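Undergrad: In full-length UniProt numbering, the protein residues as written are 1 to 421.
Here a beta-carbon is modelled for each residue, glycine too, at the ideal position from N, C-alpha and C.
Bear in mind the structure is a predicted one, so any value in this text is a computation, not a measurement.
Take this structure, written in structure tokens, and hold onto it; I'll ask about it next.
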Amino acid sequence: MRDVRAVREGGPAVGQRTPGPTPRTPGLDPRTPPDPDARWLAAVMHTAFFLLLGSSLARFLMRHPGEPRTPWIIALSVSLALLYVLGPTVGARPTAPRRLIWLSLVVAVWVVIVILAPSFAWCAVPLFYTGLRTLPPRAALFLVAVLTAFVVVAQLKLAGAFDPILLFAPPAWAAVAAAVFLYMQRQAARQRELIDDLIRTRRELAATERREGTLAERQRLSMEIHDTLAQGLSSQQMLLQAADRVWDTDPAKARTHVRTAESITEHGLAEARRFVHDLAPADLADGGGVVQALRALAERESDAGLTVRFHAEGTPPPLPDRVSSALLRIAQGALANVREHADANTAALTLTFLDDQVVLDVADDGRGFTPPSATGAGTGVRGHGLPAIRARAHQLGGTLTIESAPGEGAVLSVSIPLETQ
1 MRDVRAVREG GPAVGQRTPG PTPRTPGLDP RTPPDPDARW LAAVMHTAFF LLLGSSLARF
61 LMRHPGEPRT PWIIALSVSL ALLYVLGPTV GARPTAPRRL IWLSLVVAVW VVIVILAPSF
121 AWCAVPLFYT GLRTLPPRAA LFLVAVLTAF VVVAQLKLAG AFDPILLFAP PAWAAVAAAV
181 FLYMQRQAAR QRELIDDLIR TRRELAATER REGTLAERQR LSMEIHDTLA QGLSSQQMLL
241 QAADRVWDTD PAKARTHVRT AESITEHGLA EARRFVHDLA PADLADGGGV VQALRALAER
301 ESDAGLTVRF HAEGTPPPLP DRVSSALLRI AQGALANVRE HADANTAALT LTFLDDQVVL
361 DVADDGRGFT PPSATGAGTG VRGHGLPAIR ARAHQLGGTL TIESAPGEGA VLSVSIPLET
421 Q
């Protein structure tokens with residue numbers, strides 16, 4: 001039997017949004033999973049920084065041998081390299097004081113070196129990336145502007161004369177680099193938000209499917225119990241009450257009722273065991289098919305007090321187990337309704353096999369009723385009988401038709417197509 005513990009499991013209400021992860025900025029939140037592309041870009045920028053720092057130092061030593069400021073330049077270059085190496089150890093959150101202090105020290109040392117040796121200005125390029133990755137957008141853009149200004153001043157100082165390309169090229173390059181980086185950062189944030197939405201939607205869909213599965217399983221259980229155990233208990237009650245009424249006046253008849261109730265009890269226990277193990281109904285387990293199962297059902301109902309005649313028309317084709325089980329359960333539910341509500345003396349079960357469908361008719365000579373509408377299948381009808389029959393028919397693509405009127409009995413007809421089975 002399918003696990004029914006899900007019936008007791010709760011879930012969020014329909015339409016309720018499940019909590020989703022908070023939007024993150026890529027590269028800034030330590031909770032963000034490592035991004036291989038971000039690591040690759042960081043490695044490129046770090047390599048570029050040390051290449052530019054080393055080449056700037058080599059250029060200075062080659063161009064200015066014996067300069068008095070050479071020891072200062074070397075010391076500042078080593079200090080800048082060490083500070084830069086310490087960056088990954090101070091954390092990546094933009095609001096962390098240690099991170100801001102580290103970035104301030106790196107920029108300050110770089111500014112001092114640029115003042116002493118303008119050739120170090122190009123080290124600002126990887127520092128653009130560090131600032132954009134570390135600071136909030138406005139603060140990062142301000143830092144990029146400051147670094148760019150120092151680059152322009154340093155280049156003009158190196159040139160020794162005004163050159164428009166040296167004035168406008170660094171700001172243009174910095175603007176393009178900042179715009180591209182911020183655009184990529186925002187695109188990555190949007191993608192992460194989209195992924196979060198997709199994850200949240202999948203969770204909501206899974207919760208909805210679990211709720212629908214729980215309701216479907218609950219409906220299946222209620223129909224199975226109604227058509228098997230409840231029907232058997234109802235028959236036993238009627239037989240035992242009948243036996244009690246004639247216990248003193250007609251002991252033989254009373255014993256007959258009790259033996260019939262015992263037989264129904266044994267059959268109900270067999271049904272319950274097969275129900276627990278999610279097996280086919282006991283009447284179908286012997287391989288006799290749905291015709292034999294319905295004939296046995298009619299005999300049991302007749303023994304219980306309701307005279308039931310069974311008739312089959314046509315040649316039975318091989319039927320899927322679920323169709324045979326559904327036809328038997330529908331017949332059980334329909335006869336239970338007749339016995340409990342119709343006040344009938346006789347009923348007729350007719351199973352007709354056509355080329356493209358199988359039709360089960362259940363007729364009785366009871367008091368009749370006003371049939372419920374298709375949209376309100378349970379209106380005016382007690383219990384699970386007719387709604388369960390309609391649900392079983394619909395699950396197999398079939399239809400349920402009810403013809404009845406007060407005082408004129410009732411005819412229930414279920415048609416199940418065979419082409420789709």
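Along the chain, where does the alpha helix (DSSP H) containing Asp303 start, and where does it finish?
TA: Counting along the chain, the alpha helix (DSSP H) containing Asp303 begins and ends at Gly289 to Asp303.
Undergrad: At the level of alpha carbons, what is the spacing between Glu193 and Val44?
TA: Approximately 27 angstroms between the Cα atoms of the pair.
Undergrad: Can you check which of these residues, Ala312, Gly268, Leu269 and Ser302, is closest to Gly289 by C-alpha distance?
TA: Here the closest residue by C-alpha is Ala312.
Undergrad: Examine the Cβ distances between the region 234-242 and the region 256-273 and report whether three or more of them are shorter than 8 angstroms.
TA: Yes, they touch.
Undergrad: Go ahead and pull the three-state DSSP assignment for Glu313.
TA: Three-state result, Glu313: strand.
Undergrad: Please classify Leu351: does DSSP put it in a helix, a strand, or coil?
TA: Strand.
Undergrad: For Glu193, does the three-state DSSP call read helix, strand or coil?
TA: In the structure shown, Glu193 sits in a helix (DSSP, three-state: H, G or I).
Undergrad: Inspect the beta-carbon positions of Leu418 and Asp356 and report whether they are closer than 7 angstroms.
TA: A contact, by the Cβ cut-off of 7 angstroms.
Undergrad: Going by DSSP in three states, Pro417 sits in which element: helix, strand or coil?
TA: Here Pro417 sits in strand by DSSP.
Undergrad: Given 8 angstroms as the limit, is there contact between the region 386-400 and the region 321-331, that is, 3 or more CB pairs closer than that?
TA: Yes, they touch.
Undergrad: For Val44, does the three-state DSSP call read helix, strand or coil?
TA: Helix.
Undergrad: To the nearest angstrom, report how far apart residue 428 and Gln185 are at their CA atoms.
TA: This structure gives no information on residue 428, because the portion of the chain shown stretches from 1 to 421.
Undergrad: What does a CB cutoff of less than 8 angstroms around Ala159 pick up in its chain, not counting 5 residues either side in sequence?
TA: So the qualifying residues of the chain are Leu166.
Undergrad: Can you tell which of Ala108, Val362, Trp72 and Leu103 has its C-alpha closest to the C-alpha of Leu135?
TA: Out of Ala108, Val362, Trp72 and Leu103, Leu103 has the C-alpha closest to the C-alpha of Leu135.
Undergrad: Whole-angstrom Cβ separation of Ser413 and Val359, contact assumed at under 8 angstroms?
TA: Contact flag correct, Cβ pair sits at about 6 angstroms.
Undergrad: So the beta strand (DSSP E) Thr399 belongs to, where does it begin and stop?
TA: Thr399 to Ser404 is the span of the beta strand (DSSP E), which, as asked, contains Thr399.
Undergrad: Could you give the C-beta distance for Ile113 and Ser77, rounded to a whole number, given that I count them as a contact under 8 angstroms?
TA: Contact flag correct, Cβ pair sits at about 7 angstroms.
Undergrad: So does the region 302-311 actually touch the region 197-211, counting three or more Cβ pairs closer than 8 angstroms?
TA: The region 302-311 is not in contact with the region 197-211.
Undergrad: Spatial neighbours of Glu340 within its chain, please: C-beta separation below 7 angstroms, excluding the five flanking residues on both sides.
TA: These residues qualify, in order along the chain: Ser234.
Undergrad: By how many angstroms is the C-alpha of Asp196 removed from the C-alpha of Gly398?
TA: Using only the alpha carbons, I get a separation of about 42 angstroms.
Undergrad: Could you tell me if Leu86 is buried or exposed, where buried requires 16 or more neighbouring beta carbons within 10 angstroms of its beta carbon?
TA: Burial call: exposed.
Undergrad: Of all the options Ala342, Gly268 and Leu351, which has the alpha carbon lying nearest to the alpha carbon of Arg309?
TA: Residue Leu351 is the option with its Cα nearest to Arg309.
Undergrad: What are the boundary residues of the beta strand (DSSP E) that includes Val362?
TA: First-last of the beta strand (DSSP E) with Val362: Gln357 to Asp364.
Undergrad: Could you please give the first and the last residue of the uninterrupted alpha helix (DSSP H) stretch that includes Gly407?
TA: No alpha helix (DSSP H) contains Gly407, which DSSP labels as neither H nor E.
Undergrad: With a CB to CB cut of under 6 angstroms and the five nearest residues on each side skipped, what residues in its chain are close to Ala348?
TA: So the qualifying residues of the chain are Arg309 and Ala363.
Undergrad: Indicate the three-state DSSP secondary structure (helix, strand or coil) for Val152 in the structure shown.
TA: Correct three-state label for Val152: helix.
Undergrad: Quick one: measure Cβ to Cβ for Ala124 and Gln155, integer angstroms, because I've assumed they're closer than 8 angstroms.
TA: 11 angstroms between Cβ atoms; not a contact.
Undergrad: What's the gap between the Cα of Ser119 and the Cα of Arg59?
TA: One C-alpha to the other measures close to 8 angstroms.
Undergrad: Starting from the C-beta of Phe162, find all residues in its chain whose C-beta is less than 8 angstroms away, skip the five residues before and the five after it, and write them out in chain order.
TA: Same-chain partners within the cutoff: Leu156.
Undergrad: Whole-angstrom Cβ separation of Gly333 and Gly368, contact assumed at under 8 angstroms?
TA: In fact, because the Cβ distance is near 18 angstroms, the residues do not count as touching under 8 angstroms.
Undergrad: When the distance is taken between beta carbons, is Gly385 closer than 7 angstroms to Asn337?
TA: Against a cut-off of 7 angstroms, the Cβ pair of Gly385 and Asn337 comes out as a contact.
Undergrad: List the DSSP bridge partners of Val308.
TA: According to DSSP, Val308 bridges with Ala347.
Undergrad: I need the boundaries of the alpha helix (DSSP H) containing Leu396, first residue and last residue.
TA: Premise fails: Leu396 is in no alpha helix (DSSP H) and is neither H nor E.
Undergrad: Once you ignore the five residues that flank Gly232 on each side, which residues in its own chain have a CB closer than 6 angstroms to its CB?
TA: Cβ neighbours of Gly232 beyond the five flanking positions: Ile264 and Gly268.
Undergrad: Taking Asp361 and Thr346 to be in contact with their CB atoms under 8 angstroms, please state how far apart those CB atoms are, rounded to whole angstroms.
TA: Asp361 to Thr346, Cβ: 14 angstroms. No contact.
Undergrad: If you run the structure through DSSP and keep just helix, strand and coil, what is Ala188?
TA: Ala188 falls in the helix class under three-state DSSP.
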